[in-house]
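Residue numbers (the working numbering): 1348 to 1423. Before any comments, here is the structure.
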Amino acid sequence: MEFEKLQEIVAEVMNVDREDVTPDTKFADDLGADSLDVVQIVMAIEDEFDVEIPTEEIEKIVTVGDAADMLANVKQ
């Protein structure tokens, strides 16, 4: 369920089809995301899941799977 919502957020922010967003999808290489796109995605995740993601963690996010793992960790 969480991955599907994350997938939805990424697809919406990056204006891509949801099916194109997999755990292995790289934000920069596959979606063409720049740092502002990643920040926008992180803000949407924070709003949707009511969490706060530390700035140092944002820098470690390379793939959608990384974002899902990070989300799972901050929700604990």
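In this text, a Cβ means the ideal position worked out from N, Cα and C, and glycines have one as well.
Nearest candidate by alpha-carbon position, reference residue i, set the options
{"i": "VAL1376", "options": "VAL1398, GLU1349, GLN1423, VAL1411", "result": "With the sequence shown as reference, residue 1376 is identified as Asp, and Val is not the correct amino acid for it. Answer by Cα proximity: VAL1411."}
{"i": "VAL1398", "options": "ALA1419, ILE1356, VAL1363, GLN1387", "result": "ALA1419"}
{"i": "THR1372", "options": "ALA1391, LEU1383, MET1390, PHE1350", "result": "PHE1350"}
{"i": "ASP1384", "options": "LYS1352, LYS1422, VAL1421, ILE1408", "result": "ILE1408"}
{"i": "ASP1381", "options": "ILE1405, VAL1421, PRO1370, ALA1415", "result": "ILE1405"}
Simplified DSSP state of residue i, which is helix, strand or coil
{"i": "THR1402", "result": "helix"}
{"i": "VAL1389", "result": "helix"}
{"i": "ALA1422", "result": "Looking at the sequence itself, residue 1422 is Lys, so the reference to Ala does not match. Coil, per DSSP."}
{"i": "ASP1364", "result": "coil"}
DSSP bridge partner residues for residue i (one or two, in chain order)
{"i": "LYS1373", "result": "THR1410"}
Cβ-Cβ separation, residue j to residue i (assumed contact under 8 Å), whole Å
{"i": "VAL1363", "j": "GLN1354", "result": "No, VAL1363 and GLN1354 are not in contact; Cβ-Cβ is about 10 Å, not under 8 Å."}
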